[in-house]
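Student: Residue numbers (our numbering), protein chains in the order written: chain A, 1 to 366; chain B, 1 to 366.
Don't be surprised by glycine CBs; every beta carbon is placed ideally from N, CA and C.
Could you have a look at this structure, given as C-alpha cells, before my questions?
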DNA sequence: TAGCATCACGTAAGCGCTTACGAGTAAGCG
DNA sequence: CGCTTACTCGTAAGCGCTTACGTGATGCTA
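Structure, rendered in C-alpha cells:
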C-alpha cells in the first residue's frame with residue numbers, strides 16, 4: 001500500500017500536480033472551487049506530504065539539528081557511564097519549543113565520547129542549521145562545520161570561526177553568589193567543587209569564584225573536582241565529611257547535581273546544612289527548590305538558552321544578520337535556605353548584553 | 001557558495017556520478033584506484049551527502065520520529081505551564097541511543113495541549129517510523145497514524161489499531177511496593193497521591209495500589225490527585241500537613257516528582273519521614289536516591305523504554321515481524337530509607353514477559 | 001581464435017515535490 | 001468588436017541522489 005502522492009491527488013481532483021501543490025501550499029492564483037476539490041482529495045486519500053521530496057525541491061529541510069555529548073544514566077549497570085546532565089534536557093526542550101514555533105522540527109544526535117564527530121557531519125546534509133551543545137565536538141570540527149553550515153555553539157568560548165556563540169553569564173552569577181556568601185553571611189573559608197575541566201562553563205565558574213573570593217578577602221580552603229554528576233558530588237562530600245581537616249564554612253558546587261550528592265552525604269553523616277556547612281549549586285534544576293534544605297543556587301535559563309540558539313539559527317539563515325556573534329544570557333542568584341538564609345528571594349541580575357534583549361524578544365521572552 | 005554535490009565530485013575525480021555514488025556507499029564493482037580518487041575528492045571539497053536527496057532516492061529517511069506532549073518548566077513565569085516530566089527526558093535519551101546505533105537520527109516534536117496533532121501528522125512524511133509517548137495524541141489520531149506508518153505507542157493501553165505498544169509493568173511494581181509497606185512494615189493506613197487521570201501509567205498504578213491494599217487488609221485513608229509535578233506534590237503535602245485528620249501512616253505517590261514535593265513540605269513542617277509518615281514514589285529518577293531520606297520507589301527503566309520502542313520500530317519496518325503487539329518491560333522495587341528501611345536493596349521482579357527478553361536482547365540489555 | 005563470463009564503469013530514469021514559463025479563457029477598455 | 005490585462009491552470013524542468021541496465025574491455029576456456 002503505497003503512500004498517496006500529489007499525482008494521486010491530481011488524478012482524484014482532476015487537476016495537474018502543479019495545481020495540487022499550489023492548493024497544498026496555500027498559494028494564490030487558484031479558484032476556491034479547485035482548491036476545495038484538492039483539499040477534499042487530501043482528506044479522502046489521507047495524504048501526507050513527503051517531507052523528503054519537499055525538502056529537496058524547496059531547498060530547505062525545515063529541520064534544525066542539535067548535537068549533544070552523550071549523557072547516560074544507568075545506575076544499575078556500568079557506572080563509568082556518565083550521569084545525565086539535567087540541564088541539557090532543558091536546553092533540548094527549549095530548542096524544540098523554539099523550532100516548533102516556526103514549523104521546524106528538531107533532529108537530535110548525541111556524540112559518544114571518543115566516537116568521532118561523523119554523526120555531526122552527517123547532520124550538515126540533513127538540516128538547515130546546527131546547534132552544538134557544550135563541546136560535543138572538538139574545536140577543529142566546530143570550525144569545519146561552521147564554515148559550511150549555519151552553526152550556533154552553546155556554552156562555548158568566544159567564537160573563533162564562523163560560528164555564533166550563545167552562552168550564559170557564568171561570571172556574573174558566580175560573582176553574585178560569592179558576594180552573597182561573603183558579604184551577607186560573613187563566610188571567610190570557602191570550598192569549591194569544580195566541574196570537569198573540559199566544560200567551558202565549569203571553568204569560568206570556579207575561576208570567577210576564586211577571584212571574587214580573593215577580592216573580598218575570603219580564603220579558598222579546599223578544592224575538589226567532580227564531573228557534574230550527583231554521584232561525584234556524593235564522593236566528594238564523603239571525603240570532606242570523613243577527612244581530617246575542618247570542612248569549609250561554605251561549599252560552592254559548580255552545578256546543582258553535585259550539590260545534590262553533597263547534601264545527601266551530609267544529611268547521612270549528620271553534618272548540618274547550613275548550620276555546619278553552607279552548600280550552594282549552579283543551574284537551578286527543577287528539583288533544587290525541593291531539596292532539604294532548598295538549594296541556594298544560580299539560575300541559568302537553560303530552556304531560554306536552547307530557544308535562543310534556534311532563534312539565532314533562523315536569523316543566521318535568513319541573512320537578517322545578527323548584531324553580534326556572541327550572545328550572553330543573564331543569570332540570577334536564587335537565594336533559598338542552604339546558604340543560611342530563610343526563604344527564597346531572587347536577585348535578578350541583568351547583564352549588559354545588548355544583543356540578548358533583541359534575540360530574546362523574538363522568542364517572546366523579553 | 002553552493003555545497004558540493006556528487007556532480008562536483010565526479011568532475012573532480014574524472015568519473016561519472018554513478019561511480020561516485022558507488023564509492024561513497026562502499027558498493028562493490030569498483031577498482032580501488034577509482035575509489036581512492038573519489039574519496040580524495042570528498043576530502044578536498046569537504047563534501048557532505050545531501051540527506052534529503054539521498055532519502056528521496058533511497059526511499060527511506062533514516063530518521064525515527066518521537067512525539068511527546070509538551071512539558072515545560074518555567075518556574076519564573078506562567079505557572080500554568082506544566083513542569084517537565086523528568087522521566088520523559090530519559091525516554092528520549094534511550095530512543096536516541098538506540099536510533100544512533102543503526103545510524104538513524106531522532107526527530108523530536110512536542111505537541112502542545114490543545115494544539116492538535118498536525119505536527120505528528122507531518123512526521124509521517126519525514127520519518128521511517130514514529131514513537132508516540134504517553135498520550136501525546138488522541139486515540140483516533142493514533143489509529144490514523146498507525147494505519148499508514150509504523151507506530152509504537154509508549155505507555156499506552158493495549159493496542160487497539162495497528163500500533164505496537166511498549167509499556168512497563170506498572171501493576172507488578174506497584175504490587176511489590178504495597179506488599180513491602182504492608183507486610184514488612186506493617187502499615188495499615190495508607191494514603192495515595194494519584195497522578196493525572198489522562199495518564200495510563202498513573203491510573204494503573206493507583207488502581208493496583210488500592211486493590212492490593214484491600215487484598216492485604218490495609219485501608220486507604222485518603223487519596224489526593226496531583227499532576228505528576230513536584231509543585232502539585234508540594235501542594236498536596238501541605239494540605240496533608242495542615243489538615244485536620246491524622247495523616248496516613250504511609251503515603252504512596254504515583255511518581256517521584258510528586259514525592260519530591262511532599263518530602264520537601266514535610267521537612268519544612270517538621271513531619272518526620274519515615275518516622276511519622278513513610279513516603280514512596282515511582283520512576284526512580286536520577287535524584288531520588290539523593291533525597292533525604294533517600295526515596296523508596298519503583299524503578300521503571302525509562303531509557304530502556306525509549307530504546308525498546310525504537311528497536312521495535314526497526315523490526316516493524318524490516319518486516320521481521322514482532323512476536324507480540326504488546327511489549328511489557330519489568331519494574332523493580334527499590335527500597336531505600338523513606339519507607340523506614342535502612343539502606344538500598346533491590347527486589348528485581350522479572351515479569352512473565354516473553355517478548356521482552358527477545359527485544360531487550362537486541363538492544364544489548366538482556 | 002572464436003565464444004563467453006566477468007569486471008569496471010557510464011547512461012539515464014526516476015524518487016515526490018516546487019516553480020518558472022506559457023497557454024488558454026474571461027474580463028475590461030476604448 | 002478588437003485589443004490588452006488579469007486570472008487560472010497545465011507543462012516541464014530540476015532539486016541531488018540511487019540503481020537498473022547497457023557497453024566496452026579484459027580474462028578465460030575450448
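Residue 156 of chain B lies in the alpha helix (DSSP H); which residues open and close that run?
Tutor: Stepping through the second chain from its first residue, residue 156 of chain B is reached at position 156. No alpha helix (DSSP H) contains residue 156 of chain B, which DSSP labels as neither H nor E.
Student: Could one say the Cβ of residue 281 of chain B lies closer than 7 Å to chain A's Cβ atoms, at least one of them?
Tutor: Your numbering for residue 281 of chain B matches position 281 in the second chain. Not closer than 7 Å to any Cβ of chain A, the Cβ of residue 281 of chain B fails to qualify, so no.
Student: Which residues does DSSP list as the beta-bridge partners of residue 283 of chain B?
Tutor: Locating residue 283 of chain B in the second chain gives position 283, counting from the first residue. Answer is B:299.
Student: Per DSSP, which residues does residue 65 of chain B bridge with? Please list them.
Tutor: Residue numbering aside, residue 65 of chain B sits at position 65 when the second chain is read from its first letter. For residue 65 of chain B, which the question treats as bridged, DSSP gives the partners B:107, B:130.
Student: Please confirm whether residue 160 of chain B has its beta-carbon closer than 7 Å to some beta-carbon of chain A.
Tutor: One-based indexing of the second chain puts residue 160 of chain B at position 160. Not closer than 7 Å to any Cβ of chain A, the Cβ of residue 160 of chain B fails to qualify, so no.
Student: Mind checking whether residue 317 of chain A and residue 128 of chain A have CB atoms under 7 Å apart?
Tutor: Residue mapping note: residue 317 of chain A aligns to position 317 of the first chain, counting from 1. Residue mapping note: residue 128 of chain A aligns to position 128 of the first chain, counting from 1. For residue 317 of chain A and residue 128 of chain A, yes; Cβs fall inside 7 Å.
Student: So which residues on chain B does residue 69 of chain A lean against when the C-beta distance must stay under 7 Å?
Tutor: Against the first chain, residue 69 of chain A aligns to sequence position 69. Per Cβ cutoff of 7 Å: no residues; residue 69 of chain A is ~12 Å from chain B at best.
Student: Identify the residues that DSSP records as bridge partners of residue 144 of chain A: which are they?
Tutor: Here residue 144 of chain A is taken as the residue at index 144 of the first chain, counted from 1. Answer by DSSP bridge pairing: none, since residue 144 of chain A is not bridged.
Student: Determine the chain B residues that contact residue 96 of chain A at a beta-carbon separation under 8 Å, and present them in chain order.
Tutor: In the first chain, the residue the question calls residue 96 of chain A occupies position 96. Under the 8 Å cutoff, chain B gives 108, 109, 110.
Student: Any idea what DSSP makes of residue 212 of chain B, helix, strand or coil?
Tutor: Taking the second chain and counting its residues from 1, the one referred to as residue 212 of chain B is at position 212. Looking at residue 212 of chain B - three-state DSSP - the assignment turns out to be helix.
Student: From this set, B:164, B:136, B:133, B:158, which residue's C-alpha is nearest residue 369 of chain B's C-alpha?
Tutor: Absent from the model: residue 369 of chain B. The displayed extent of chain B is 1 to 366, so no value can be given.
Student: Need the endpoints of the beta strand (DSSP E) that residue 250 of chain A sits in, please.
Tutor: Taking the first residue of the first chain as position 1, residue 250 of chain A is located at position 250. Here the beta strand (DSSP E) through residue 250 of chain A covers 250-253.
Student: From residue 231 of chain B to residue 224 of chain B, what distance separates their C-alpha atoms?
Tutor: Residue numbering aside, residue 231 of chain B sits at position 231 when the second chain is read from its first letter. Residue numbering aside, residue 224 of chain B sits at position 224 when the second chain is read from its first letter. Their backbone Cα atoms lie some 14 Å apart in a straight line.
Student: Taking only beta-carbon atoms, is residue 131 of chain A less than 7 Å away from chain B?
Tutor: Here residue 131 of chain A is taken as the residue at index 131 of the first chain, counted from 1. So no, residue 131 of chain A is outside the interface.
Student: What residues in its chain sit with their C-beta under 8 Å from that of residue 7 of chain B, if we drop five residues either side in the sequence?
Tutor: For the purposes of this step, residue 7 of chain B is identified with residue 7 of the second chain, where counting begins at 1. Counting only Cβ-Cβ distances below 8 Å, and skipping sequence neighbours, we find 17.
Student: Throw me the rounded Cβ distance for the residue 13 of chain A and residue 41 of chain A pair, which I believe falls under 8 Å.
Tutor: Position 13 of the first chain holds residue 13 of chain A. Position 41 of the first chain holds residue 41 of chain A. Contact flag correct, Cβ pair sits at about 4 Å.
Student: Going along the chain, which residues of its own chain have a beta-carbon closer than 8 Å to the beta-carbon of residue 197 of chain A, five neighbours each way excluded?
Tutor: Within the first chain, numbered from 1, the residue matching residue 197 of chain A stands at position 197. Closer than 8 Å at the Cβ level, and outside the excluded window around residue 197 of chain A, lie 203, 225.
Student: Reducing DSSP to helix, strand and coil, say where residue 85 of chain B ends up.
Tutor: One-based indexing of the second chain puts residue 85 of chain B at position 85. Residue state, collapsed to three classes: coil.
Student: According to DSSP, is residue 333 of chain A part of a helix, a strand, or is it coil?
Tutor: Reading the first chain from its first residue, position 333 is the one you call residue 333 of chain A. Strand.
Student: Using a 10 Å radius around the Cβ and a threshold of 16 neighbouring Cβ atoms, would you call residue 139 of chain B buried or exposed?
Tutor: As a working note, residue 139 of chain B is residue 139 in the second chain. With fewer than 16 Cβ atoms within 10 Å of its Cβ, residue 139 of chain B is classed as exposed.
Student: Compare the Cα-Cα distances from residue 100 of chain B to each of A:68, A:89, A:91 and report the closest residue.
Tutor: Taking the second chain and counting its residues from 1, the one referred to as residue 100 of chain B is at position 100. Minimum Cα distance to residue 100 of chain B is reached at A:68.
Student: Check each candidate in A:126, A:125, A:118 and name the one with the smallest Cα separation from residue 137 of chain A.
Tutor: Taking the first chain and counting its residues from 1, the one referred to as residue 137 of chain A is at position 137. Out of A:126, A:125, A:118, A:118 has the C-alpha closest to the C-alpha of residue 137 of chain A.
Student: Shortest alpha-carbon distance to residue 338 of chain B belongs to which of B:19, B:282, B:325?
Tutor: Here residue 338 of chain B refers to the residue found at position 338 of the second chain. Ranking the options by Cα distance to residue 338 of chain B, first place goes to B:282.
Student: Who are residue 222 of chain A's beta bridge partners in DSSP?
Tutor: Taking the first chain and counting its residues from 1, the one referred to as residue 222 of chain A is at position 222. Residue 222 of chain A is bridged to A:191.
Student: CB residue 145 of chain A to CB residue 209 of chain A, shorter than 7 Å?
Tutor: Against the first chain, residue 145 of chain A aligns to sequence position 145. Against the first chain, residue 209 of chain A aligns to sequence position 209. Contact: no.
Student: In chain order, what residues of the same chain lie with their CB nearer than 8 Å to the CB of residue 168 of chain B, ignoring the 5 residues before and after it?
Tutor: Reading the second chain from its first residue, position 168 is the one you call residue 168 of chain B. Once the five neighbours on either side are set aside, the close Cβ partners of residue 168 of chain B are 155, 201, 300, 301, 305, 328, 329, 330, 331.
Student: Using the C-alpha atoms, what's the distance from residue 5 of chain A back to residue 126 of chain B?
Tutor: For the purposes of this step, residue 126 of chain B is taken as the residue at position 126 of the second chain. For the purposes of this step, residue 5 of chain A is taken as the residue at position 5 of the first chain. So the two alpha carbons sit approximately 14 Å from each other.
Student: Output, in chain order, the set of chain B residues within a Cβ distance shorter than 7 Å of residue 137 of chain A.
Tutor: As a working mapping, residue 137 of chain A is identified with position 137 in the first chain. Result: empty, since nearest Cβ-Cβ is about 14 Å, beyond 7 Å.
Student: Do the CB positions of residue 248 of chain B and residue 173 of chain B come within less than 7 Å of each other?
Tutor: In the second chain, residue 248 of chain B corresponds to position 248, counting from 1. In the second chain, residue 173 of chain B corresponds to position 173, counting from 1. No, the pair does not count as a contact, with Cβ atoms beyond the cut-off.
Student: Against residue 393 of chain A, what residues of chain B qualify as contacts under a CB-to-CB distance less than 7 Å, listed in chain order?
Tutor: Since the first residue shown for chain A is 1 and the last is 366, residue 393 of chain A is missing from the structure and cannot be characterised.
Student: Could you name the residues of the same chain whose beta carbon sits closer than 6 Å to that of residue 20 of chain B, not counting the 5 residues immediately before and after it, in chain order?
Tutor: Here residue 20 of chain B refers to the residue found at position 20 of the second chain. The answer, listed in chain order, is 6, 9, 10, 38.
Student: CB-CB under 6 Å to residue 3 of chain B, same chain, minus the five flanking residues each way: which ones, in chain order?
Tutor: Stepping through the second chain from its first residue, residue 3 of chain B is reached at position 3. For residue 3 of chain B, where only same-chain residues beyond five positions count, there are no Cβ hits under 6 Å.
Student: With a CB to CB cut of under 6 Å and the five nearest residues on each side skipped, what residues in its chain are close to residue 116 of chain A?
Tutor: Residue mapping note: residue 116 of chain A aligns to position 116 of the first chain, counting from 1. Same-chain partners within the cutoff: there are none.
Student: Residue 167 of chain A by DSSP, collapsed to three states: which one?
Tutor: Locating residue 167 of chain A in the first chain gives position 167, where the first residue counts as 1. Here residue 167 of chain A sits in strand by DSSP.
Student: From the beta carbon of residue 292 of chain B, is the nearest beta carbon of chain A less than 7 Å away?
Tutor: Working through the second chain from its first residue, we reach residue 292 of chain B at position 292. Yes, contact with chain A.
Student: Could you have a look at residue 379 of chain B and say whether DSSP puts it in helix, strand or coil?
Tutor: Because residue 379 of chain B is not part of the residues shown, which for chain B are 1 to 366, the question remains open.
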